Structures are given as structure tokens and as C-alpha cells.
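The structure appears right after this line, and notes come after that.
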Amino acid sequence: MSTWQAHLPALVVLAPLLAAPLSLLGRGTRWPWLVVSAAAWLSLAASVLLLRQVLDDGPLRYFVGGWEPPWGIELAVDPLNALLLVLVTLLASVTLVYAGTSVAREIGHARAPLFYAVLSLLVTGLLGIAVTGDAFNVFVFLEISSLATYTLIAMGRDRRALTASFQYLIMGTIGATFYLIGIGFLYAMTGTLNMADLAERLPELNHTRTVRTAFAFIVTGICLKLAVFPLHLWLPNAYSFAPSTVSVLVAATSTKVALYLLIRMLFTVFGVQFAFVHEPTGNILVALALVGILSCSLVAIGQRDIKRLLAYSSVAQIGYMVLGIGMVSVTGLTAALLHMFNHALIKGALFMALGAVAYQLRGTGREQMAGLARRMPWTFWAFVLGGLSLVGVPLTVGFISKWYLILAAIEQGWWPVVAVIVVASLLALVYIGRVVQSGWFDEPPPGKPEEAPLAMLLPMWALVLANIYFGIDARLTVGVAERAAAMLFALSP
Amino acid sequence: MSLVTLGTAAISPELAIQLALALPLLGALLIALAGRWPNLREAVTLLTACGLFALVVRVLLALLDGVPPRVELVEMLPGLALVLHTEPLSILFALLASGLWIVTSVYSIGYMRGNEENRQTRFYVCFAIALCGAMGVAFAANLLTLFVFYEVLTLSTWPLVTHKGDQAAERGGRTYLLVLMSTSIGLLLPAILWTYAVAGTTDFRAGGILAGQIGPIAATLLLLLYLFGVGKAAVMPVHRWLPAAMVAPTPVSALLHAVAVVKAGVFTLAKVVIYVFGTGFLAQVPAASVAIYLAGFTVVAASVVALRQQNLKRLLAYSTIAQLGYVVMATMALTAYAEIGAAMHMVAHAFGKITLFFCAGAIYVAARKTELGQLDGIARRMPWTMTAFAIGALTMIGVPPTGGFVSKWLIVAGAFQRESWFMLAVLVISTALNAAYFLPIVFRAFLLPERSPPPREHGEAPWPMVAALSLTALLSLLLFFFNQPLLALAYALVGGRP
Amino acid sequence: MSGLGVGVYLVIVFLMMAGMYGVIARGNLVKKLVGLSIFQSSVFFLYICIGFVDGAAAPILTEGVQRYSNPLTSVLILTAIVVGVATTALGLALVVRIRQAFGSVEEDEIHAMDPTL
Chain A
3 MSTWQAHLPA
13 LVVLAPLLAA
23 PLSLLGRGTR
33 WPWLVVSAAA
43 WLSLAASVLL
53 LRQVLDDGPL
63 RYFVGGWEPP
73 WGIELAVDPL
83 NALLLVLVTL
93 LASVTLVYAG
103 TSVAREIGHA
113 RAPLFYAVLS
123 LLVTGLLGIA
133 VTGDAFNVFV
143 FLEISSLATY
153 TLIAMGRDRR
163 ALTASFQYLI
173 MGTIGATFYL
183 IGIGFLYAMT
193 GTLNMADLAE
203 RLPELNHTRT
213 VRTAFAFIVT
223 GICLKLAVFP
233 LHLWLPNAYS
243 FAPSTVSVLV
253 AATSTKVALY
263 LLIRMLFTVF
273 GVQFAFVHEP
283 TGNILVALAL
293 VGILSCSLVA
303 IGQRDIKRLL
313 AYSSVAQIGY
323 MVLGIGMVSV
333 TGLTAALLHM
343 FNHALIKGAL
353 FMALGAVAYQ
363 LRGTGREQMA
373 GLARRMPWTF
383 WAFVLGGLSL
393 VGVPLTVGFI
403 SKWYLILAAI
413 EQGWWPVVAV
423 IVVASLLALV
433 YIGRVVQSGW
443 FDEPPPGKPE
453 EAPLAMLLPM
463 WALVLANIYF
473 GIDARLTVGV
483 AERAAAMLFA
493 LSP
Chain B
110 MSLVTLGTAA
120 ISPELAIQLA
130 LALPLLGALL
140 IALAGRWPNL
150 REAVTLLTAC
160 GLFALVVRVL
170 LALLDGVPPR
180 VELVEMLPGL
190 ALVLHTEPLS
200 ILFALLASGL
210 WIVTSVYSIG
220 YMRGNEENRQ
230 TRFYVCFAIA
240 LCGAMGVAFA
250 ANLLTLFVFY
260 EVLTLSTWPL
270 VTHKGDQAAE
280 RGGRTYLLVL
290 MSTSIGLLLP
300 AILWTYAVAG
310 TTDFRAGGIL
320 AGQIGPIAAT
330 LLLLLYLFGV
340 GKAAVMPVHR
350 WLPAAMVAPT
360 PVSALLHAVA
370 VVKAGVFTLA
380 KVVIYVFGTG
390 FLAQVPAASV
400 AIYLAGFTVV
410 AASVVALRQQ
420 NLKRLLAYST
430 IAQLGYVVMA
440 TMALTAYAEI
450 GAAMHMVAHA
460 FGKITLFFCA
470 GAIYVAARKT
480 ELGQLDGIAR
490 RMPWTMTAFA
500 IGALTMIGVP
510 PTGGFVSKWL
520 IVAGAFQRES
530 WFMLAVLVIS
540 TALNAAYFLP
550 IVFRAFLLPE
560 RSPPPREHGE
570 APWPMVAALS
580 LTALLSLLLF
590 FFNQPLLALA
600 YALVGGRP
Chain C
29 MSGLGVGVYL
39 VIVFLMMAGM
49 YGVIARGNLV
59 KKLVGLSIFQ
69 SSVFFLYICI
79 GFVDGAAAPI
89 LTEGVQRYSN
99 PLTSVLILTA
109 IVVGVATTAL
119 GLALVVRIRQ
129 AFGSVEEDEI
139 HAMDPTL
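Chains as they are written, first to last, in our numbering: chain A, 3 to 495; chain B, 110 to 607; chain C, 29 to 145.
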């Protein structure tokens, strides 16, 4: 292994981190966009190499600055977070292609450089959470990504973006602080912050009230970030009022990283025995997930703003992922991990389509969607295909996720859960179907808008085609997800 | 003969079966490209349809030779691939769908041009994609593949159902999509996954994959999930989509709802009964009996509703639901004659129903008439059409010399084999009901004078339409006289033993 | 821990709850931020208290001293304080912009202006 390859884990995070200040050095809006995009693509390449390496050689550990744990901070990459790294960098790269056009119109030339810099910091934060093996380091990167997200959301055109951002700031900080409290308790009991070390030292301390409290705080804090029902209240506003690019990136990545963190804490640090057998975490997660899935799917139907509709849909989809975790089976976890990947593709494509509508029609309400099939056919069809994937029609990634999720429920013999999953899919059919029907049949309002520019269509359709490709040949995604799930169960203390 | 040998040598069965799916898609693309030149576009449709039929024949020859092809298309999930194969039932369906596509294309040309419909390119493109879906369902070698193409069929026919684009079409399309998707996602998919979880595979195998893996109560529940999950078989109460789909242009109603879509439904049920459960296993559990009662109820209820219909197409829709009930009932009877009868009825009903729908469309195009009350004395102006209609009606009732008689005879024999008085009662009552709502139409058309002169003078419908409906009526008659090859295929389904 | 006793933890919990109360119960956006700050500072206290070792010296290298308190927690808290400062600054910036856009920093008044919130 050549020397630079050994530093891949750090490189993945460093590239966007350095790109942020670098992007502010040049003038105009081209330079920041170029720098940030280049960093994203570089990280993507590094992530892919890492994934290949981890799949071939097994998990790898990287010591930052050469300091070994427990003194230094460790970056630990295994199939699970390698996949996540690829996912986040891929979506960041594709979104940045899209952003060039969208940001220019929505944010304006004056603030665009700052936008790109903060976006790069967001990506840094997300990648950092994914790659680190130190619990406190997670907090640091979590806050980096969160602060960046608050800033980005507040840049939306509508003034409600400000209040949405503020609301998210309050709730997000509480969540992160809960996590911090939990980590503090763990440190008090074990004397270490390194995840692998914690995993070793925690089992004998599991019965203590401190550790159990820590567990509760950590899980609650992460669930706030993950927008698990009923801690999801910040999400609809944040997604609806944020600039289109931000909605795309955040919907596709932030919650996935939070999900990863939850899985990491539950399975690797605390262990299946403690998290699911001693504590009723599985049951709680399943109950909350079921309520979230049904209630948010129902609420989505009545929404007048389509971005908001998709936001509620996202909470329901997160419910699916949490449901998979709560089943505490390899198939269930596989389903959760699969949906983590697939949902990113689905929502990414859908929000990109909506962003194109906002770009040309200055809004994303039902009035704008009327007659869209004739006005902006390429965008409309991207939305339709993304919508079909959301419903779970075969030949799309959504179907693959549904397949495993229902299979996992059947394996457990949980037929009511199967019913909920199926009903929610039908609800998704209803809320997507209403929009599609309106786009197909309704008379468009007067005006002759053009189709969205190519720079927006290409990334949109790249994601749509990814949806279909991985829906037809899901061996790679399923293979990695299964492998990661099996590994998490096997190595769990 | 040499052409056949040439074709057989040039295209292997494996290639033919893959092309059977690829050709309609390619055709769809070419049709879309040729949209601006209607004659070229129509020619592409016809050529694709003929080509498809030839490919299916190629696969048939391979099956008759004893070397049926089996091709893996793509491995979708680890351990689960999309696989194509063929066996007697699937080749029957494939031949039916592809053959009747040719006829319907001819008819469609006449209809669309006669009515000066808009969005014709979209129509022909979606038609082609729907045929690809039908081929996929026909040749599917496992439940996963079948499900994939089943959904493709639903989605590709939706633009066809809502073709007219008005309020009624929107409403009808919504019902269509909701009912079919609810049943497929809500019931069929869990059923397939349950099967997979229990049996470890979704393959279609002779003798089934569930024997010994599942208890009697679970088997009953699973069968019911399939019965209602396959919404395209229109077992009550998941039949609502069929009348709702009558907002579609008649060529759509004809092929898809009399032949491809509903046939895909009963075909799926038959495949599930024979190759997933296995007739031997099902005979030991009470599951099938429950299904027979449900199907029998559908037959009678649908026939009664049909009696009260005034709109011709709606009447035909409910007639279809009843006829599908025959096939489902016969499939669930599990006896040899009943299975053969079910397979034969798929064909007989197809020929008869498509004739009836073609006639309905011809009447609409020529005279703009849709209600039964308007049809008095119309046979004077449209003798060909109404004669064909009469033949189609006789097929539905099941009297000689139509193909409907052959299949009904076999189903009755199957009912006797099973000693099911319920089935016999249903068959007798429904035959009477069929006569009650079909024969008056024929009599009134031929024997009564016209109520009032039509708004404009008309004769027969455009010649492509008349040609098509005459051909299918003829096929219906031919089925009575020359049914040996088909019977032989059907016999192979139950192992060649009568 | 005998030197500090349980009392410290009671103070920490009190601050935590006071902060949370401020965040939830107060309608004024600035007061929410104040509550949030208090909440965060309780956590800082927690960490520092964890690091305290009874009878040990402050963690600065000195001749002849054998036992030091744990410096790690203080370092962690420095990071957290920085994060807290950034959060508060961002929050206040948002409040300023909200004031400009809505004309008020009271939550119920803002709700009244825009029912979708």
C-alpha cells in the first residue's frame, strides 16, 4: 500500500474541509463552485477506493497524526461506513453539478461563495461522522454539519426559512447536547472515548445506572437528529423552506448519517445484548417507527406544498429504516441499511425534480405541478420515476428495500407490521399519485415556461437512472448491506 | 417449410424467448420515433406484432421438441434472478396474446383513424410496452419475475385506460390503478414473500414448492392472499377496476381487458396453483374449496349485475368478470379435466370476448351508439358486425358450434370429477343468465325494427375493423372444430393423462 | 468525589432543567437562546466535574507534583464551548434576521403571521 493510500480515510474528510476556506479566495461564483465540486469528486474517488479496500482486506484503522488510541483519535472504516462514505460523497458530487445553476438563481451572486463554503463544511461534517472511531469526535463533526445546515437552511428565499432554521437550531442543539451528556457519562465510567475501547469496557458496567442513563441520552439525542417520530417536528419546515440544493443534499444525506450513528452506537459500542436484550430499545423503536410511518404518510396526502409533502414522506421512510433496526435480525438490519442507500437516491432525485420546478416556476405548490407533463416533461418524468421508486414498484430501488423489509417482518412473524408497511406503500401511492395525476391531466396555468436547464436535468436523471439500475441489479448494494449487517451482529459485544 | 427451418436454425429458443420481451420494447421505441409518419408507425406496430408471434412460435417448437428454453436475464437480488422459461400454460398465453396483438393492431388502426383520436403515437407505444409486460408474465420462471412484469403490465396500461384524458377517464384510471396496485402491493407481494420465506425459493416447479413446508391453515390463508392479490383475475370484491377501465378506447378494452390483462390474472393464479402449491398438495388442504366458493359467487353475482346493465361495454365487462370466475373456479377444482378446461376457456373466452368488444367498438365508430336500447334493428345496417356479435355471444353462453362449448364441456367434466354440486349449479345458473342477457341483444338487433333513424346514415365500420372482428369470430368457430393441437398442449399441462 | 459530593450534580441537574425550561416555556426567541446556553453550560460543568480528582493538583506540569486532575475533560469542554459560542452566535444572527423579516421575536406573534409554522 503506497503512502498516500494509507491516508485515504483522512483525505476523504480533509478535501472538503480545505475546500471551504479555499473557495473564498477567488472572485465570482465560478471559482467557489469549482473548488468545492473538485473536493467532492476527490472525496468520492477516495471513498470508492476505501470501499474496495475494505471489502477486500477487511476493516481498517487509521490513527490521526500517528497517535494511537486511547490518546489519539482513530478513524475506523468497515463495510458499513465505507458504503456510507461513498453514498454521501456521490450525492454531494452530483448535487454540486446541480447546484451550479440552482444556487445562482436562488441565492444570488453576492452570497453564493459563502453558500458553497458552508456547503463544503456540511459535507465535511457528514463525512467526519461517518469515518471517525472516536465518540467525542462524532460530536464535533455533528456540530460542524449541524451549524452548516442551520446556515444553509436560513438562506432560503422564503422568510419562514429563518424560523425553520431557528427551530432546527434549538432542537438540533438539544439533541447534540444530549449526545454529549451521554458521552460524558460513558467517559466517567470507562475512562475512554474511543468506540472500540468503549465496546470492550462497557459490558461489565452495563448494569450501572450511569451507563443506562448514558444510553438513553445518546439514543434520544441521535433520534432527534434522525427525526424519529415524535422528534421530527423540525424536519418538515427545514426541508420545505431551504433552498432547493440544500433540500436535496440534506434530505439525501443528513438523516442517513444520523441513522448510521444510531446503528454504530447500538450495535458496535453498546452491543446487541445490552441495547436490545437488557433494554427494550427494539420495541420502543418499532413502536415509534410504526406510528411515524402511518401518521406521516397520512399527513403527507393533504399537503399543498409538494416539498413539504416529500418532507413528511421522508419522516415515514426514516420510520422504515428504524423499523428495520428495531427488528434486531440480520434481515431487518440489511433492510435498514439498504433503505439508507436507496432512499438517498430516491429523495435526491425527487427533490432535484422539485428544485427544477422551483427554478422555472418559482414555487413548488400544487398550482405549479398542474399540467407539468406538458410544460416540463423531462422533469415530470423524473418525478414520476422517483415517485414509483418511493412507492416500491419493481425495477426500482424502492422495491428492493420493500422486499427485504417485508421479508424481515415475515421472518419474525410480525404480520401487523407487514400490514403497516404495505398500507404505507399504498398511502405513498396516493400522495405521489395525486401529484402525478395533476401533472398529467390538469390544465397548466397560463405561461410558457421552458424545460429546466441541462445542468439540472443531467444530475437529476443520473440519480433517476441510478434508481433504476440498482433496482434491476441490486447485487452490489444488497451484498454490501448484508455483509455489513452480518458483521455488525457478529462483532457485537 | 424451408422458411421455418431457416428461422429455427437462425434463432435459438433461448434467444427467441429473450427477444420475445425485447422486441416489443424495441418496437415501442421505433413507434415513438416514427410518430410523425402515421403509416410508417402503423407498419412498425404490425411488423413488431408479427415478429413477436413468430418468436413465440419458435419457442413453441422448442417446447414440442422437448427442449424448452430457460434463460436467466439478470440477477436482481443475491440468489434471486429474473428467469424466463416456458411450459404448456405459458406458451398458450403467449401465443394468445401475441397472436391477438396482430389482429388488434389491425382493428386499432381502423378505430383510431375512424374516430380521429389524438395522441395515437402514445397509444401504440404503450400498447407495445404492455405486450412486453404480458410476455414477461407469460414466460416468467419464478414469482419474482412474474411480479415484476405484472406491475409493468399495470403501469403500461394506465395511459391506455386514461387515453381520452377527460374527467371520466381520470376517474376510471384512478380506480384502475388504485385497485390493481393495492392488491398487488398489499396482498400479492406479501404472499410472494411469505412463499419465499417458507420455501426458500420462488421458482415455478412441477409439483409445487410448498408441499410439506406449510400447514393447512397457513396454506389456506396464503391461497386467499394470492386469490385476492392477483387483482387482474377480478375475483369479487377486487373486480372494481374492470368496469372502471371501460372508459378506455375499445381496442384497449378488447385486447387488454378481454385478453392480456385479465388473462395475465387467471394465468398467474393457474401458475400459482399448479407450480407453487402443486395440485397434489392443494388437494389435501381445504384452501382450494374456499376459493371455489368465492369464484363461484363471483360468477353468479357478476352475471346478475350484467343483467341490469344498459351500457354495452359495461355489460361486457361484467360478463368478463363472470367468465374469469369460470376459469378461476376450474383452476381451483384441481381435477385433470377442470385444469384442461380452464386452459381451454382462457382461449375460447379470448376469442369470443375480443369479438364482442370489436363489435362494440365498430358500433360506436359507425353509429356512435353505446347503449343497449339503441341497438334495435342495427343488424340491417351492420350485418357482418352483428353476425360476429352473435357468434361471440354464443361462445360466452357456451353452445356449439363455438369454442366456448368445448371449454365448458371440459369444465363440467371436471366438476363431475370433483363431485362438486356447487360448481355444477353455478355452471347451470350462469349459463342461463348468460343467455338471458346476450340473446336479447342479438334478437333485437336482427328482428326488431329501428326505433328511430340514426343521426347520420351509416353502414359497417371501417374495413380494418370489420376484417378483424370477422377473423376473431371465425377463430371462435374454428376452435370448435379444430381444437386438437390446443387440447394436446393443455393435456400436457396435467401430465398427458386425461 | 467526596470533596464535592452529590451537591455538584444537583447543581448541574438544576441548570440543565432551568435551561430546558427556558427553551420550551419561553416564547421570546432570545430567551430560548439564553435557555439553550444555560443548558449547554450545565453540560460543561458536568464534564469538568468528572475530571476532578480529589486531593490532586490542577493539570499543569509542576515540579514535584505526582497527582493531577484529568485535563482531558477540560479540553473536551473547550471544544464544546467553542461549539456553543458558534451556535449562540448563529442563533442570535438568525434572531436579528427574523426581527427584520417578521418585525418581532415573539414566537406566538410570528406564528400568527404565518400559520404554516
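Ideal Cβ placement from N, Cα and C applies to all residues, glycine included. Since the model is a prediction, treat every value here as computed from it, not as a measurement.
Check	Outcome
Mark methionine 45 of chain C as exposed unless 16 or more other C-beta atoms lie within 10 angstroms of its C-beta, in which case mark it buried.	exposed
Can you tell me where the beta strand (DSSP E) holding phenylalanine 65 of chain A begins and where it ends?	62-65
State yes or no: is the beta carbon of methionine 29 of chain C nearer than 7 angstroms to at least one beta carbon in chain A?	With a pLDDT of only 45 at methionine 29 of chain C, under the threshold of 50, the placement of this residue in the model should not be trusted; the figure read from the coordinates follows. Taking Cβ atoms only, chain A never reaches closer than 7 angstroms to methionine 29 of chain C, which makes this a no.
Can you find a C-beta in chain B that's less than 7 angstroms from the C-beta of methionine 3 of chain A?	Because the pLDDT at methionine 3 of chain A is just 49, under 50, the model does not fix this residue reliably, and the point stays unresolved.
For glutamate 413 of chain A, go through chain B and note every residue whose CB falls closer than 8 angstroms to its CB, in chain order.	Ala306
Rounded to a whole number of angstroms, what is the C-alpha to C-alpha distance between serine 30 of chain C and phenylalanine 80 of chain C?	With a pLDDT of 49 at serine 30 of chain C, under the threshold of 50, the modelled position of that residue is not reliable, and no figure is offered here.
Taking only beta-carbon positions, decide if isoleucine 470 of chain A is within less than 7 angstroms of chain B.	no
Just tell me which of B:Leu536, B:Leu209, B:Tyr233, B:Ala206 has its CA closest to the CA of isoleucine 218 of chain B.	B:Tyr233
Three Cβ pairs or more, each shorter than 8 angstroms: is that satisfied between the region 321-336 of chain A and the region 434-446 of chain A?	no
If we call anything under 7 angstroms between Cβ atoms a contact, is proline 11 of chain A one with valine 133 of chain A?	yes
Listing by chain order, which chain A residues have their CB less than 8 angstroms from the CB of proline 549 of chain B?	Correct list: empty, because the minimum Cβ distance to chain A is about 38 angstroms.
With DSSP as the reference, identify every bridge partner of glutamate 480 of chain B, one or two as the case may be.	B:Asn420
Along the alpha helix (DSSP H) that carries histidine 9 of chain A, what are the first and last residues, could you check?	Per DSSP, histidine 9 of chain A belongs to no alpha helix (DSSP H) and is neither H nor E.
Which residues of the region 191-222 of chain B have a Cβ closer than 7 angstroms to any Cβ of chain A? Give them in chain order.	none
The alpha helix (DSSP H) that contains methionine 495 of chain B, what's its start and end?	492-506
On the DSSP bridge assignment, give the partners of leucine 124 of chain A in chain order.	Partner(s): none; leucine 124 of chain A has no beta bridge.
The beta strand (DSSP E) spanning histidine 194 of chain B covers which residue range?	189-194
Expressed to the nearest angstrom, what Euclidean distance is found between the alpha-carbon atoms of valine 103 of chain C and glycine 67 of chain A?	18 angstroms
How long is the line joining the alpha carbons of isoleucine 472 of chain B and phenylalanine 466 of chain B, rounded to whole angstroms?	10 angstroms
Give the C-beta separation of isoleucine 126 of chain B and valine 180 of chain B to the nearest angstrom, bearing in mind that I take them to be a contact with Cβ-Cβ under 8 angstroms.	6 angstroms
What are the boundary residues of the alpha helix (DSSP H) that includes alanine 373 of chain B?	370-380
Pull the bridge partners of glutamate 181 of chain B from the DSSP assignment, please.	B:Val192
According to DSSP, is alanine 342 of chain B helix, strand or coil?	helix
Since threonine 153 of chain A and glutamine 68 of chain C are thought to touch, with beta carbons under 8 angstroms apart, how far apart are those beta carbons, to the nearest angstrom?	Not really, about 19 angstroms apart at Cβ, beyond 8 angstroms.
Determine, using beta carbons only, whether glycine 119 of chain C comes closer than 7 angstroms to chain A.	yes
Beta carbon of leucine 424 of chain B, beta carbon of valine 361 of chain B: below 7 angstroms?	no
Specify whether the region 461-480 of chain A and the region 309-318 of chain A touch according to this definition: at least 3 beta carbon pairs, one from each stretch, less than 8 angstroms apart.	no
Under 7 angstroms, Cβ to Cβ, is there at least one residue of chain A near alanine 46 of chain C?	no
Okay, do the region 331-350 of chain A and the region 404-419 of chain A touch, 3+ Cβ pairs below 8 angstroms being the bar?	yes
Report yes or no: is there a C-beta of chain A within less than 7 angstroms of the C-beta of tyrosine 75 of chain C?	yes
Only counting the same chain, and skipping five residues up and downstream in sequence, which positions put a Cβ closer than 6 angstroms to that of alanine 278 of chain B?	Thr271, Val356
Is asparagine 98 of chain C helix, strand or coil when you go by DSSP?	coil
Check this for me: beta carbons of glutamate 569 of chain B and tryptophan 493 of chain B, under 7 angstroms apart or not?	yes
Considering only the alpha carbon of each residue, which of A:Glu445, A:Gly357, A:Val422 lies closest to glutamate 453 of chain A?	A:Gly357
Residue range of the alpha helix (DSSP H) that glutamate 260 of chain B falls in?	252-270
Between the alpha carbons of alanine 302 of chain A and threonine 91 of chain A, how many angstroms are there, rounded?	29 angstroms
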